[in-house]
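Asks: Quick one: this structure, given as structure tokens, is what I'll be asking you about.
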Amino acid sequence: MPFLGYVGVFLLLPTGIVIWDAVRNPAGQFDLSSLKLLFNPDVRSFFTGSIELSAVSSVTGAILGALLAYAVASGNPDGVVRRLYLAGSGVLAQFGGVTLAFAFNAAIGPSTGFLFHADWYYNFPGGIGLIYIYFQIPLMVLVFLPAIDGLKIQWREATENLGGSTWQYWRHVGFPLLAPAFIGATLLLFANALSAYATIQAWENQIAYTVPQQIYISINSEVGLASNEGDVLALGMVVFVAIIMVGYALLQRRAARWLR
Amino acid sequence: MAAITSLGESAPAPQTARPRGMQIGRRRRLNLFRYVTFTIFGLFFFLPLFAMVRFSLEGKQAGTFSLSAWTQIGSTPGLVSAIEITLELAVITCAVVLVLLVPTMIWIRLRVQWISRIFEFLCLLPLTIPAIVLVVGLQPIYNKIEHYNVSALQLFWVYVILALPYAYRSLSAGLTAIDVTTLSEAARSLGASWATVILRVIVPNMWQAILNAMLLTSALVLGEFTIAEILNDVNLQVALFNISRATANAGVLFSTSTAALLFAFALLLILSYVGRRRRRGRA
């Protein structure tokens, strides 16, 4: 079966190589001491930076994206606005990358900004966080819209018939129903920001703030904390992302209970 | 609108109204919320793009207009070849993804249902493995195969993996929508070979899903940067990145980026219209 062979060589084998190289010493023997690198203060600062940026951009992106998803969902299901926003979200969620950093530099760059010159453009995580939100909101719309579309009108009507206000509807019906889907989507956004590399590299490539940037440095230069620093960092990221994705999968299953 | 005519009544909403079981005042407030939201988000999404387009049209002096950045696309060294490579990569990746996935998925659906969960897991796995991690492990493999193929086209091997989850999802949606078993049994009992079943019976029935998978794959390839940069292969994004390092805010950056983005947006908009026409035709 060609599929298995292909996936084996280009997906499973590389992952295996990363794990295997991370737990070896330079002599090639099995050795867990490299993993101590993950607790090195320098390395920890990259993880802290990654987590900080991912947390800021995923939580803000999730809240704003949920608002937009609700606005889209409450309109005409076959209308122009909805189609435009969905097609746009599809493009912009993938748009994270070199081009995005160019666009923001053109808009609010400290020396070139077309709208205004933002002194905080190169702040971490504020400046880069704003850029990340640009692709996090569309992703949130894409993953959260099905959940909002699943809210039945009858639930709203039932609340109104019982004399409930809009606030009571959201407080007791809407929000509890959407909470698992919302938290799950936030986790997905978090993982998305964690693995992003192109945008931050094009934004500022002099200083490494995040783990992916440091991985790039360590596999492209001889000077590193250890010969297999890149592999150890990569392993740390895999474990991190795997935990988040398991949480996402569990929450999605919980959310699916109501959304049939 | 219709909302005004039924003002003050508790009668069910008229047919032309939006399908929400809400009181009139509440609907009006909701509409206000929607318009405000659309305006604010629209501006947030639009302004950086607008700034990029404006910069691509900037003349020699600030505030003037000129098309020079667009004409430079053809004359900037390396850029045209990078664009060619990227488009070729998109085509090759699409072809390999389809050849790899479509027969396998049909075969699984017809013969070995029990394997489908494992197959789905494998296809979605690349979502959880960041590209930057994948490339660390890929470097040794690429060093090996580099003897045979030294051009940047070799990137397609990994791009297929990156595209798997997106292609799988759209193809699987397309396959679920048709009755593969009945179609293939009918074709087989009329004497068709397996190749005929796949190419002339099943594929035409899931054309929409295949188109969708191809567009998502192309969009991904057009925007890929991480793996190409680390493997030292120059595709469109890497070429742009290198130009931006050499000359900050070169006009050609903005014109090329705008062109690439417009291309991707046009692809997806076409898709959403095609999909809608299909649904209408069926209903």
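Chains A and B, in that order, are what the protein sequence lines are.
Okay, so the first sequence: first residue is 55 according to the numbering used here, each after it adds one.
Okay, so the second sequence: first residue is 1271 according to the numbering used here, each after it adds one.
Ideal placement from N, C-alpha and C gives every residue a C-beta, glycine not left out.
Remember, predicted model here, so these are calculated numbers, not experimental data.
#1: For Ser-1463 of chain B, would you say it is in contact with chain A, using Cβ-to-Cβ distances shorter than 8 Å as the test?
#2: Could you tell me whether the Cβ of Asp-173 of chain A comes closer than 8 Å to any Cβ of chain B?
#3: Here's a check: name, in chain order, each residue in its chain whose Cβ is nearer than 6 Å to the Cβ of Asp-1503 of chain B, leaving out the five neighbours to either side.
#4: Three or more C-beta pairs under 8 Å: does that hold for the region 202 to 218 of chain A against the region 159 to 179 of chain A?
#5: Grab me the residues of Ile-1402 of chain B's own chain with a C-beta within less than 8 Å of its C-beta, minus the 5 sequence neighbours each way, in chain order.
#6: What residue does the alpha helix (DSSP H) around Gln-208 of chain A start on, and which one ends it?
#7: Could you check the C-alpha separation between Ala-239 of chain A and Leu-184 of chain A for me, to the nearest Å?
#8: Is Gly-1394 of chain B near Pro-1347 of chain B, with beta carbons less than 8 Å apart?
#9: Taking 8 Å as the CB-CB cut-off, is Ser-1276 of chain B touching chain A?
#10: Would you list, in chain order, the members of the region 197 to 211 of chain A that have their beta-carbon closer than 9 Å to a beta-carbon of chain B?
#11: Mind listing, in chain order, the continuous alpha helix (DSSP H) runs of no fewer than 4 residues lying wholly within the region 1322 to 1350 of chain B?
#12: Relative to the C-alpha of Val-295 of chain A, which candidate in A:Trp-257, A:Ala-256, A:Ala-250 and A:Trp-224 has its C-alpha closest?
#13: Can you name the start and end residues of the alpha helix (DSSP H) that Val-293 of chain A belongs to?
#14: Looking only at C-alpha atoms, which of A:Val-145, A:Ala-309 and A:Leu-289 sits nearest to Ser-88 of chain A?
#15: For the putative contact between Pro-234 of chain A and Leu-305 of chain A, defined by C-beta atoms under 8 Å, what is the C-beta separation to the nearest angstrom?
#16: As a quick exercise: from B:Glu-1354, B:Leu-1313 and B:Thr-1374, pick the residue whose alpha carbon is nearest that of Phe-57 of chain A.
#17: Check whether the Cβ of Ile-1411 of chain B lies closer than 8 Å to any Cβ atom in chain A.
#18: Looking at the unbroken alpha helix (DSSP H) that takes in Ser-1514 of chain B, where does it start and where does it end?
#19: Please state the DSSP three-state secondary structure of Arg-78 of chain A.
#20: Rounded C-beta distance between Met-1563 of chain B and Ile-1448 of chain B? I'm assuming under 8 Å.
#21: Can you tell me the Cα-Cα spacing of Ala-309 of chain A and Leu-1460 of chain B, whole angstroms?
#22: When you compare only the Cα positions, how much space is there between Leu-199 of chain A and Tyr-139 of chain A?
#23: What are the residues in the region 1436 to 1452 of chain B lying within 7 Å of chain A by C-beta distance?
#24: Nearest to Ser-1351 of chain B by CA position, among B:Val-1306, B:Asn-1505 and B:Arg-1470, is which residue?
#25: Out of curiosity, what's the CA-to-CA distance linking Leu-146 of chain A and Phe-1311 of chain B?
#26: Do you know offhand how far Leu-66 of chain A's Cα is from Thr-1334 of chain B's?
#27: Give me the chain B residues within the contact set of Met-291 of chain A, using Cβ-Cβ distance strictly less than 8 Å, ordered along the chain.
#28: If I follow the unbroken alpha helix (DSSP H) through Pro-1400 of chain B, where does it start and stop?
#29: Return the chain-ordered list of same chain residues with a C-beta closer than 6 Å to the C-beta of Leu-92 of chain A, the five sequence neighbours on each side being excluded.
#30: Any beta carbon from chain A within less than 8 Å of Ile-1431 of chain B's own beta carbon?
#31: What does the Cβ neighbour count give for Tyr-1438 of chain B, buried or exposed, with the cut at 16 atoms within 10 Å?
#32: Would you please verify whether the beta carbon of Thr-153 of chain A is less than 8 Å from any beta carbon of chain B?
#33: Would you list the one or two residues that DSSP bridges to Phe-158 of chain A?
#34: Around the Cβ of Thr-1341 of chain B, are there at least 16 other Cβ atoms within 10 angstroms (buried) or fewer (exposed)?
#35: In the region 1493 to 1511 of chain B, which residues sit with their C-beta less than 7 Å from some C-beta in chain A, listed in chain order?
#36: Measure from the alpha carbon of Thr-1452 of chain B to the alpha carbon of each residue in B:Ser-1326, B:Ala-1443, B:Val-1471 and B:Phe-1325, then state which is nearest.
Replies: In terms of the structure at hand:
#1: As a working note, residue 1463 of chain B is residue 193 in the second sequence. Not an interface residue.
#2: Numbered from 1 along the first sequence, position 119 holds the residue referred to as residue 173 of chain A. Asp-173 of chain A does not count as touching chain B.
#3: As a first step, residue 1503 of chain B is located in the second sequence; it is residue number 233 there, counting from the start. The answer, listed in chain order, is Ala-1422 and Leu-1425.
#4: no
#5: Taking the first residue of the second sequence as 1, we reach residue 1402 of chain B at position 132. Excluding positions up to five away in sequence, the list reads Thr-1496 and Ile-1500.
#6: What you label residue 208 of chain A is simply residue 154 of the first sequence in a count that begins at 1. Per DSSP, Gln-208 of chain A belongs to the alpha helix (DSSP H) from 207 to 215.
#7: In the first sequence, the residue the question calls residue 239 of chain A occupies position 185. In the first sequence, the residue the question calls residue 184 of chain A occupies position 130. About 19 Å.
#8: Residue 1394 of chain B sits at position 124 when you count from the first residue of the second sequence. Residue 1347 of chain B sits at position 77 when you count from the first residue of the second sequence. The sequence given here places Leu at residue 1394 of chain B; Gly does not occur at that position. No, the Cβ-Cβ distance between Leu-1394 of chain B and Pro-1347 of chain B is not below 8 Å.
#9: As a first step, residue 1276 of chain B must be located in the second sequence, where it is residue number 6. Any reading at Ser-1276 of chain B needs caution, since the residue's pLDDT is 33, under 50, leaving its predicted position unreliable; the model's value is listed next. Chain A contact via Cβ: absent.
#10: Ile-207, Gln-208, Arg-210 and Glu-211
#11: 1338 to 1345
#12: Counted from its first residue, the first sequence places residue 295 of chain A at position 241. The residue with the shortest Cα to Cα distance from Val-295 of chain A is A:Ala-250.
#13: Taking the first sequence and counting its residues from 1, one reaches residue 293 of chain A at position 239. Residues 283 to 310.
#14: If you number the first sequence from 1, residue 88 of chain A lands on position 34. Among A:Val-145, A:Ala-309 and A:Leu-289, the Cα nearest to that of Ser-88 of chain A is on A:Leu-289.
#15: Numbered from 1 along the first sequence, position 180 holds the residue referred to as residue 234 of chain A. Numbered from 1 along the first sequence, position 251 holds the residue referred to as residue 305 of chain A. Going by Cβ atoms, the distance from Pro-234 of chain A to Leu-305 of chain A rounds to 5 Å, so yes, they are a contact pair.
#16: Within the first sequence, numbered from 1, the residue matching residue 57 of chain A stands at position 3. When each option's Cα is compared against that of Phe-57 of chain A, the closest is B:Thr-1374.
#17: Taking the second sequence and counting its residues from 1, the one referred to as residue 1411 of chain B is at position 141. With 8 Å as the cut-off, Ile-1411 of chain B counts as an interface residue toward chain A.
#18: For this step, residue 1514 of chain B is matched to residue 244 along the second sequence. Residues 1506 to 1516.
#19: Locating residue 78 of chain A in the first sequence gives position 24, counting from the first residue. DSSP places Arg-78 of chain A in strand when its eight states are reduced to three.
#20: The shown model of chain B, from 1271 to 1553, leaves out residue 1563 of chain B, and the question about it has no answer.
#21: Position 255 of the first sequence, counted from the first residue, corresponds to residue 309 of chain A. Position 190 of the second sequence, counted from the first residue, corresponds to residue 1460 of chain B. Rounded to whole angstroms, Ala-309 of chain A to Leu-1460 of chain B spans 45 Å at the Cα level.
#22: Counting from one through the first sequence, the residue named residue 199 of chain A turns up at place 145. Counting from one through the first sequence, the residue named residue 139 of chain A turns up at place 85. In a straight line, the C-alpha of Leu-199 of chain A is about 11 Å away from that of Tyr-139 of chain A.
#23: none
#24: As a position in the second sequence, residue 1351 of chain B is number 81, starting the count at 1. The option with the nearest alpha carbon to Ser-1351 of chain B is B:Asn-1505.
#25: Counting from one through the first sequence, the residue named residue 146 of chain A turns up at place 92. Counting from one through the second sequence, the residue named residue 1311 of chain B turns up at place 41. Distance between the alpha carbons of Leu-146 of chain A and Phe-1311 of chain B is about 13 Å.
#26: The residue you call residue 66 of chain A lines up with position 12 of the first sequence. The residue you call residue 1334 of chain B lines up with position 64 of the second sequence. Approximately 54 Å between the Cα atoms of the pair.
#27: Within the first sequence, numbered from 1, the residue matching residue 291 of chain A stands at position 237. Near Met-291 of chain A (Cβ distances below 8 Å), the residues of chain B are Pro-1400, Ile-1402 and Val-1403.
#28: Here residue 1400 of chain B refers to the residue found at position 130 when the second sequence is read from its first residue. Counting along the chain, Pro-1400 of chain B falls outside any alpha helix (DSSP H), and DSSP gives it neither H nor E.
#29: In the first sequence, counting from the first residue as 1, residue 92 of chain A sits at position 38. For Leu-92 of chain A, where only same-chain residues beyond five positions count, the Cβ hits under 6 Å are Gly-290.
#30: Here the question's residue 1431 of chain B lines up with position 161 in the second sequence. Judged by the 8 Å Cβ criterion, Ile-1431 of chain B is in contact with chain A.
#31: In the second sequence, the residue the question calls residue 1438 of chain B occupies position 168. It counts as buried.
#32: For the purposes of this step, residue 153 of chain A is taken as the residue at position 99 of the first sequence. Answer yes: the Cβ-Cβ gap between Thr-153 of chain A and chain B drops below 8 Å somewhere.
#33: As a working note, residue 158 of chain A is residue 104 in the first sequence. In DSSP, Phe-158 of chain A forms no bridge with anything.
#34: Within the second sequence, residue 1341 of chain B is the residue found at index 71, counting from 1. Exposed, by the Cβ-count rule.
#35: Gly-1493, Phe-1495, Thr-1496, Ile-1500, Gln-1507, Leu-1510 and Phe-1511
#36: Position 182 of the second sequence, counting from 1, holds the residue named residue 1452 of chain B. Of the listed residues, the one whose Cα sits closest to Thr-1452 of chain B is B:Val-1471.
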